[in-house]
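**Student:** Below is the structure I would like to discuss, written out as C-alpha cells.
Number of protein chains: 2
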Amino acid sequence: MPKKVDHKLRREAFMAAAYRMIKKRGISGATFRAVAKEAGYTTGALVHYVDSMDKLLVEASEFSAREVRADMEKAENLPDKLEALRQVLYLALPSDEDKRGNWNFFLGFWERSALSADVRHLTHLRYVEWLKRTARLIRNARNAGDLPKDVDIKKASRACVALIDGIATQTLRSGSPLTPKAQRELIDAWIALWLKPLRKFGAKRATARRGKGDGAAHAAHS
Amino acid sequence: MPKKVDHKLRREAFMAAAYRMIKKRGISGATFRAVAKEAGYTTGALVHYVDSMDKLLVEASEFSAREVRADMEKAENLPDKLEALRQVLYLALPSDEDKRGNWNFFLGFWERSALSADVRHLTHLRYVEWLKRTARLIRNARNAGDLPKDVDIKKASRACVALIDGIATQTLRSGSPLTPKAQRELIDAWIALWLKPLRKFGAKRATARRGKGDGAAHAAHS
DNA sequence: AACGAAACATAACGCGTGTTATACAAAAGA
DNA sequence: TCTTTTGTATAACACGCGTTATGTTTCGTT
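Take a look at the structure:
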C-alpha cells in the first residue's frame, strides 16, 4: 500500500474547504473546481475523496453541524435555564460575519433542497434537530420554574424558529439588514411577550442583581 | 409598419408565463427556453420582447406584485382595522397551492439576489413596501383604538414580517410544513401576545357579536 | 531495484445555459 | 405588386458545470 495519507483527515480538509466556500460565495459558488482550489488541490484530487456533488454538500453540512452544535450545547448547559434559552437563540442569529456565513450556508441548502432529494432529507433532519433543541430549552426553563406551566411548547418553538429564520432572511436577503442589536431585541421581546417569564432576566447592567451564575457572554457587537 | 401585434400585451403574456413557470418549477426552472415554451413560443420570440434574463425576472416580479397587491389592498380597507391587519397577514401565508407558488417565487428571488444587483435592488424595494404595509396596518389598528398606544410599531412590523418569512421557510423548505391552520394560529397568537389588542377579535363563530362591519371572509381553508 | 497501487494533475466529454446570428413569414405602406 | 419592417423560428456560439478518462507522481511492499 502506497502513499500513506490519512484518508479521513484529508476528507475533512475538503469538507472544511467546501464549508468555507459556501459561506463566502454561497452554494452556487461552491463548484467542484472552486472547492478543490480552496483546499489547495485540483478536481482530480477532490473526486478521489468524494464521488458526487450531492455527497459533497451533504458531508459539508455534517461538518458544519458539528461546529455549531458544540457552541450550542455549551450554552444549553448553563445553570440558568432561561438564560440558556436566550443564549442559544442568540447563537442562532446572523450577528457577525461568521454567523452570517453560516446562514448563507443554510439558505444555500434550502435552495438546493428544491432540487435534490438527498439534500432535502438532510435539511429536514437538521430542522427537526433545531426544533427539538428549542423545544427542549423552553421545556427546561419551564421545568425550572422560570416560565408559566401552561406554555404551549410546540407552538412556541415553532414561533421562535420562524422568527429567527425570518430575522436571518431579512438580514441576508432583504437589503434592509437588522443590526445585531435589533436582532437581539427582537429575541428578547419575543421571550418577554410570548413566554411571559416569571422572573426578570438578561442582566440590564444597572438593574440585574440576580444570585445565579450570570456573566453570560454578551457575544458579538455590531 | 408591419404585423400589428400589441407589443405591451404580448410582453405581459411572456411575463405571466415566467411567473407561472417560477411558481411551478422554481427560479432555476425558469430558463429562457422553458418560459418561451410555456408561453407557446420559442426563445427567438421571447428575446424579441426582453433582452436579458435579469430584465425578465425583474419584470416578472413586477407582474406578480400587481397581482398580490390588489388582494392586499382590498383587505387593508376593511372597516375593522384589527381584522384588516389579521386578514392581510393571512393573505401572506403559504396556505394553499397558489400562495405556496407565490412564496416559491419570492424565495427564488431571494436566492437570485445574491447574484444579481438588479434583482437585489428589486427585492429590497418589495421588502420595504411590505414592511411599510404591515407598519401602516398596525398603526391604523392602534389609531382606531384597538391596540395600546405605546406599541412599538417599527419593531412589531419587523417581528411579524420575520415570523411570516419563517413560517414560509418552514413550510416550503424545512420538510416539516406547517398546516394552514397552524400558520393562522401562529399569526393569531402573535397578534394576541405581541400587540395585546384591547378588544376581542377574530369572530370565533359563537362569541362574536361586535357592532362593526364584520363578515370578513375567512379566506382559504386547508 | 522493481513493481504496483494510491494520490494527485490535466484534459476532455456531454450537457444545459444565456445570448447572438441568421433565415423565413407576414402584413402595412408605397 | 413590391418593398420594408416587424414577428417568429432555427441554429449556432461561448461558457461553466459535473463528471469521466487518462496520464503522472509518489512511496510502501516485495
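Note that the protein sequences, when read in sequence, are chains V and U. Sequence positions in the first sequence follow this note's numbering and run 49 to 270. Sequence positions in the second sequence follow this note's numbering and run 49 to 270. Glycine included, C-beta positions come from ideal geometry on N, C-alpha and C.
1) Within a Cβ cutoff of 7 Å, which residues of the same chain sit near Leu226/V, ignoring the five residues on either side of it in sequence?
2) When the Cα of Leu104/V is compared with those of Ala118/V, Glu115/V and Thr79/V, which residue comes out closest?
3) Relative to chain V, which residues along the stretch 203-236 of chain U have a C-beta separation below 8 Å, given in chain order?
4) By how many angstroms is the C-alpha of Ala64/V removed from the C-alpha of Leu241/V?
5) Report buried or exposed for Gly156/U, applying the criterion of at least 16 other Cβ atoms within 10 angstroms of its Cβ.
6) Using the beta-carbon of each residue, which ones in chain V are nearer than 9 Å to Thr171/U?
7) Please list, in chain order, all residues of the same chain as Met69/U whose beta carbon is under 7 Å from its beta carbon, the five residues on each side excluded.
8) Is the beta carbon of Phe154/V sitting closer than 8 Å to the one on Lys71/V?
9) Should Ala165/V be flagged as near chain U, meaning a C-beta pair shorter than 8 Å?
10) Contact criterion: CB-CB distance below 8 Å. Does Trp151/U meet it with respect to chain V?
11) Compute the beta-carbon to beta-carbon distance between Arg247/V and Asp194/V, rounded to the nearest angstrom, for a pair I have assumed lies under 8 Å.
12) Verify the CB distance criterion: does Ser76/V have a CB-CB separation below 8 Å to chain U?
13) Using the C-alpha atoms, what's the distance from Val209/V back to Glu115/U?
14) Could you check what DSSP says for Thr91/V in three-state terms: helix, strand or coil?
15) In terms of residues, what are the limits of the alpha helix (DSSP H) holding Pro228/U?
16) Just the C-alpha distance for Arg181/V and Arg221/U, rounded to the nearest angstrom, thanks.
17) Using a C-beta cutoff of 8 Å, does Asp175/V count as contacting chain U?
18) Taking C-alpha atoms, which residue in Ile201/U, Gln135/U and Val106/U lies nearest to Thr171/U?
19) Using 10 angstroms around the beta-carbon of Ser100/V, count the other beta-carbons present and answer buried if the total reaches 16, otherwise exposed.
20) Span of the alpha helix (DSSP H) holding Phe249/V?
21) Taking the alpha-carbon positions, what's the His96/V to Glu60/V distance?
22) Would you say Glu110/V faces chain U, with C-beta separation under 8 Å as the test?
23) At a Cβ threshold of 8 Å, is Ile186/V touching chain U?
24) Consult DSSP for Asp119/V and reduce its assignment to one of helix, strand or coil.
25) Near Ser205/V, what residues of its chain come up, given a Cβ to Cβ distance below 7 Å and the 5 sequence neighbours on each side ignored?
26) Only counting the same chain, and skipping five residues up and downstream in sequence, which positions put a Cβ closer than 6 Å to that of Arg190/V?
27) Whole angstroms is fine: what's the gap from Asp262/V's alpha carbon to Val98/V's?
28) What's the call for Lys229/V, buried or exposed, on a 16-neighbour Cβ count within 10 Å?
29) Thinking C-alpha only, which one of Asp128/V, Gly149/V and Ala123/V is nearest Leu139/V?
30) Is the Cβ of Leu130/U closer than 8 Å to any Cβ of chain V?
31) Check whether the Cβ of Ala87/U lies closer than 8 Å to any Cβ atom in chain V.
**Tutor:** If we stick to the structure as given:
1) Around Leu226/V: Ile215, Gln218 and Thr219.
2) Checking every option, the nearest Cα to that of Leu104/V belongs to Thr79/V.
3) Listed by position, the residues of the stretch 203-236 of chain U near chain V (Cβ gap below 8 Å) are Lys203, Arg206, Ala207, Val209, Ala210, Leu211, Ile212, Asp213, Gly214, Ile215, Thr217, Gln218, Arg221, Ser222, Gly223, Ser224, Leu226, Ala230, Glu233 and Leu234.
4) For Leu241/V and Ala64/V, the distance between alpha carbons rounds to 40 Å.
5) By the neighbour-count rule (16 or more Cβ atoms within 10 Å), Gly156/U is buried.
6) Here the neighbours are Arg221, Ser222 and Gly223.
7) Once the five neighbours on either side are set aside, the close Cβ partners of Met69/U are Gly77, Ala78, Ala82, Val83 and Glu86.
8) No, these two residues do not count as a Cβ contact at 8 Å.
9) It does not; no Cβ of chain U falls within 8 Å.
10) Output row for Trp151/U: interface = no.
11) Yes, Arg247/V and Asp194/V are in contact; Cβ-Cβ is about 6 Å, under 8 Å.
12) Interface residue, yes.
13) Cα to Cα, Glu115/U sits roughly 30 Å from Val209/V.
14) Note: Thr91/V maps to helix in three-state DSSP.
15) Per DSSP, Pro228/U belongs to the alpha helix (DSSP H) from Pro228 to Trp238.
16) Their Cα atoms are separated by approximately 19 Å.
17) The amino acid at residue 175/V is misidentified as Asp; the sequence shows Tyr. Yes - at least one Cβ of chain U is within 8 Å of the one on Tyr175/V.
18) The shortest Cα separation from Thr171/U among Ile201/U, Gln135/U and Val106/U belongs to Val106/U.
19) Exposed, by the Cβ-count rule.
20) First-last for Phe249/V: undefined, no H or E at that position.
21) Their Cα atoms are separated by approximately 13 Å.
22) Residue-level contact by beta carbon fails for Glu110/V and chain U, as no gap is shorter than 8 Å.
23) So, not an interface residue.
24) Three-state result, Asp119/V: helix.
25) Cβ within range, chain order: Leu179, Thr182, Ala183 and Ile186.
26) So the list reads Val199, once near-sequence residues are dropped.
27) At Asp262/V, the pLDDT of 41 sits below 50, so the modelled position is not reliable and the matter cannot be decided from this model.
28) Looking at its Cβ environment, which holds fewer than 16 other Cβ atoms inside 10 Å, Lys229/V is exposed.
29) Comparing Cα-Cα distances from Leu139/V to each of Asp128/V, Gly149/V and Ala123/V, the minimum goes to Ala123/V.
30) Cβ-Cβ to chain V under 8 Å: no for Leu130/U.
31) Chain V, which has no Cβ nearer than 8 Å to the Cβ of Ala87/U, makes this no.
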